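Asker: Protein sequence lines correspond, in order, to chains A and B.
Using the numbering used here, the first residue of the first sequence is number 57, and each one after it goes up by one.
Using the numbering used here, the first residue of the second sequence is number 1269, and each one after it goes up by one.
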Amino acid sequence: MRTKFISTLTELAERDDRIFLLVGDLGYSVVEIFQKKFPDRFFNVGVAEQNMMGVAAGLALSGKIVFTYSFANFTTFRCLEQIRNDICYHNLNVKIIGIGSGFTYGPSGMSHHGTEDLAIMSVLPNMTIISPCDPVEMDLAIKACVKWDGPCYIRVRKAGEPTLHKNSPDFRIGKGIIVQDGEDITLIATGWILNNVIKAARLLEAHNIQSRIISMHTIKPLDEALILDSAQKTRGVMTIEDQNIAGLGSAVGRVLISSRKCAVPFTAIGLTDQYSYDVGSEEYHLIKSKLTPESICTAAINTLNTQ
Amino acid sequence: MSKPELSQSNRAALDLDVNNLYLKRSTKIRARILHMMHKANASHIGSCFSIVDILTVLYSGVIQITPDTLHIPTRDRFILSKGHAAAAVYATLCETGFFDKSWLDRYCDNAAPLGGHITANIPGVEVSTGSLGHGLPIGCGMAIAGQSKRQQQYYVFVLMSDGECDEGSVWEAALFAPYHHLENLVLIIDYNKIQSFDRVKNVLDLEPFADKWRSFGWAVQEINGHNFEEIKKAFSSIPFQKGKPSCIIAHTIKGKGVSFMENKVEWHYKSPTKEQLEMALKELADVS
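#1: Could you name each continuous beta strand (DSSP E) segment of 3 residues or more that falls completely within the region 1430-1493 of chain B, going from the start of the chain to the end?
#2: I want to verify the contact list: residues of chain B whose CB lies under 7 Å from the CB of glutamate 137 of chain A, in sequence order.
#3: Answer with buried or exposed for leucine 1472 of chain B, where buried requires no fewer than 16 other C-beta atoms within 10 angstroms of its C-beta.
#4: If we ignore side chains and look at the alpha-carbon of each, how far apart do methionine 166 of chain A and tyrosine 1423 of chain B end up?
#5: Considering only their Cβ atoms, is the gap separating asparagine 264 of chain A from leucine 347 of chain A smaller than 8 Å?
#6: Please specify which runs of the beta strand (DSSP E), each continuous and at least 3 residues long, are wholly inside the region 107-180 of chain A, giving them in chain order.
#7: With a threshold of 8 Å between beta carbons, is tyrosine 331 of chain A in contact with chain C?
#8: My assumption, with CB atoms under 8 Å, is that methionine 155 of chain A sits in contact with alanine 128 of chain A. Please give the rounded CB distance.
#9: Can you find a CB in chain B that lies within less than 8 Å of the CB of asparagine 120 of chain A?
#10: Hey, out of B/Phe1425, B/Ser1294, B/Asn1389 and B/Asp1336, whose CA is closest to cysteine 1515 of chain B's CA?
#11: Under 8 Å between beta-carbons, which chain A residues line up against glutamate 1394 of chain B? List them in chain order, please.
#12: What does the alpha-carbon distance come out to for the pair aspartate 1458 of chain B and glutamine 1544 of chain B?
#13: Under 8 Å: do the region 1483-1499 of chain B and the region 1426-1438 of chain B share three or more Cβ pairs, one atom per stretch?
#14: Leaving aside the five residues before and after glycine 1511 of chain B along the sequence, list all residues of the same chain whose C-beta is less than 6 Å from its C-beta, in chain order.
#15: Using the three-state DSSP reduction, which class does glycine 326 of chain A fall into: helix, strand or coil?
#16: The beta strand (DSSP E) that contains leucine 100 of chain A, what's its start and end?
#17: Quick check: the region 323-341 of chain A against the region 1276-1285 of chain B, are at least 3 beta-carbon pairs closer than 8 Å?
#18: According to the neighbour-count rule (16 or more other Cβ atoms, all chains shown, within 10 Å of its Cβ), is glutamine 138 of chain A buried or exposed?
#19: Is the Cβ-Cβ distance between valine 111 of chain A and proline 1405 of chain B less than 8 Å?
#20: Fully enclosed by the region 1344-1417 of chain B, which alpha helix (DSSP H) runs are 4 residues long or longer?
#21: Rank B/Met1305, B/Gly1314 and B/Val1286 by C-alpha distance to the C-alpha of lysine 1461 of chain B and give the top, closest one.
#22: Should arginine 1345 of chain B go down as buried or exposed, given a rule of 16 or more other Cβ atoms within 10 Å for buried?
#23: Could you check whether the region 1382-1390 of chain B touches the region 1350-1363 of chain B, counting it as contact only if at least three pairs of C-beta atoms, one from each stretch, sit closer than 8 Å?
#24: CA-CA distance, lysine 91 of chain A and phenylalanine 1477 of chain B?
#25: Would you say alanine 1441 of chain B lies against chain A (beta-carbon separation less than 8 Å)?
#26: Would you say the beta carbon of aspartate 1473 of chain B is closer than 7 Å to some non-hydrogen atom of the ligand PLP?
#27: Using C-beta distances below 7 Å, list every residue in its chain close to asparagine 100 of chain A, excluding the 5 sequence neighbours before and after it, in chain order.
#28: Does any residue of chain B bring its CB to less than 8 Å from the CB of aspartate 72 of chain A?
#29: Excluding the five sequence neighbours on either side, which residues of its own chain have a C-beta within less than 6 Å of the C-beta of leucine 1359 of chain B, listed in chain order?
#30: Is it buried or exposed for leucine 174 of chain A, if we count other Cβ within 10 angstroms and need 16 for buried?
#31: In the DSSP assignment, what are the bridge partners of leucine 360 of chain A?
#32: Can you name the start and end residues of the beta strand (DSSP E) that threonine 184 of chain A belongs to?
#33: Would alanine 112 of chain A count as contacting chain B if we go by Cβ distances under 8 Å?
#34: Compute the Euclidean distance between the alpha carbons of valine 103 of chain A and isoleucine 229 of chain A, then round it to the nearest angstrom.
#35: Does DSSP put histidine 1519 of chain B in a helix, in a strand, or in coil?
#36: Count the other CB atoms within 10 Å of the CB of lysine 1271 of chain B; is the residue buried (16 or more) or exposed (fewer)?
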């Protein structure tokens, strides 16, 4: 997905000289294509996330569209106040790319886990949050972000994610995409974990359970209409995310609770109130966090059985 | 040889006029700040008074921005990174005609335009600040944009406090600006040597301060931040050195202008009572 990001951005920057790219000394073997083509619009600010966000704000205040590129953990936690005060409060055109979401860098340990980034970003007024599921959505998300007025946080895994959308979907910020329709349960996922959700839906078919699968690529603004529609058309709703459930789960839960017409069983799968102290791969952490297709399938069956 | 002498004396007379004008303006600005702080029962009068003379000179023809050129892309930019001294900038902007005096009268009132920390929706204010260490990185971004196509289009002035230099983000930007040759960036540090809790040297000493900035690659000038001649001279020689950002370390006195406020930690917080207001206004009147 990061390759798709840089190729799309480079293509857009050919036509739009307002586009700048700042990196926090990360993106080796990824961002060089942009750097070579637009040396005046590329800055490696060094290992200095606070300054990166401040510089981005200053450029955006001067009419530029600024993309920043770093790891999801560094680019949100280290410089949260710069994002809040400088970027979001002034509603600036800064598009923050957070790479290595969730447990992408699993063995690197907790410092490198992007597991609370989306939840924290989602409480910032003016911030738009996008979490594309595959390279197709990545491409469309970057294009949409350039046109979107205001700050965006784009949460990205890394590389080698499978293409889940067979055709180019109708991608609009704030509108979820129904990847597959079904009448029994709604599975709402954000980001690349959708891959495991699609596999879980295959497993559920063996149990005669038909799933509506939604790629909720935008967490904020959230597609409340689609959530409520799904709650009415299916017998249960689940959210699945490779991060703290304060991201997608809480947001969807709030929509369901606020609507008195949608009393459906609801389960939020993801990380809860704990860090991972274990050394292990992304796969290891996903198994532990019950985010494998098998675990998602079991949780879906349990959700429907709570009726 | 009479000609140069005549010219010199003319010049001296002119300088005297200009200095009188500065003094009148700065006194008026200080008086307005006193009224604002008293009425709103607000803090940071000491932090305001130490920068009034710098602001007076800056907004008397140095910075290229007027109420008519607020939205011109090539205007000069000013960032008050020590956002708690908003009242000083507001009084200066009002004096320069950016908005009506009635706004000052409502300083910190409910739903009023002007609050305790500077905000960007006010004419003449580019950036909202309040948390320290934000202005210099933003100034770097603006300076880059002002140099696009390798042509300098405008200057960016950032006014920062000494205590603010405790923030790590300041030094991230301090490394960045010289490395990228941001010669259209001018940093002014209000070195009044008192921060929130105590004197700077008792909290986290910054010395050797000028050497720190020089070693990071800045062209540095140290001035008396209350001497109009020195302030004017520094501004008229920017950039101090080709290819380098300029740093003016202004040695100032916290609370400058009112004897009982000068160089006192407590006037970081206190606002003048009715009696103190009258005493202070009388002192200012005696000076001007």
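C-beta atoms are modelled at their ideal positions from N, C-alpha and C, and glycine is treated no differently.
Keep in mind it's a predicted model, so treat the numbers as computed, not measured.
Answerer: Walking through what the data contain:
#1: The qualifying runs are 1453-1459 and 1487-1492.
#2: Ser1399
#3: exposed
#4: Here the alpha carbon of methionine 166 of chain A sits roughly 43 Å from the alpha carbon of tyrosine 1423 of chain B.
#5: In this structure, leucine 347 of chain A lies away from asparagine 264 of chain A, with their beta-carbon atoms at least 8 Å apart.
#6: 121-127 and 150-155
#7: This model lacks chain C altogether, as its protein chains are A and B.
#8: The residue asked about is misnamed: residue 155 of chain A is isoleucine in this sequence, not methionine. Their Cβ separation, rounded to whole angstroms, is 6 Å, which keeps isoleucine 155 of chain A and alanine 128 of chain A in contact under 8 Å.
#9: The displayed chain sequence assigns lysine, not asparagine, to residue 120 of chain A. Yes, its Cβ sits closer than 8 Å to a Cβ of chain B.
#10: B/Phe1425
#11: In chain order: Leu117.
#12: 25 Å
#13: no
#14: If you ignore the 5 residues before and after glycine 1511 of chain B, its C-beta comes within less than 6 Å of the C-beta of His1449 and Glu1451, all in its own chain and listed in chain order.
#15: strand
#16: Reading off the sequence, residue 100 of chain A comes out as asparagine, not leucine. For asparagine 100 of chain A, the enclosing beta strand (DSSP E) begins and ends at 98-100.
#17: no
#18: buried
#19: yes
#20: Listed in chain order, they are 1354-1363, 1369-1373 and 1403-1413.
#21: B/Gly1314
#22: buried
#23: yes
#24: One detail in the question is off: residue 91 of chain A reads as glutamine in this sequence, not lysine. Distance between the alpha carbons of glutamine 91 of chain A and phenylalanine 1477 of chain B: 36 Å.
#25: yes
#26: Here there are no bound small molecules, and the ligand PLP is not part of this structure.
#27: Val79 and Asp81
#28: no
#29: Contrary to the premise, residue 1359 of chain B reads as alanine rather than leucine in this sequence. So the list reads Ile1297, Arg1300 and Ile1301, once near-sequence residues are dropped.
#30: Buried, because 16 or more other Cβ atoms sit within 10 Å of the Cβ of leucine 174 of chain A.
#31: Note: leucine 360 of chain A sits in no beta bridge, so no partner.
#32: 184-186
#33: Yes, alanine 112 of chain A counts as interfacial toward chain B.
#34: 31 Å
#35: strand
#36: Below a pLDDT of 50, predicted positions are generally treated as unreliable, and lysine 1271 of chain B, at 42, falls in that range; no measurement from the model is reported.
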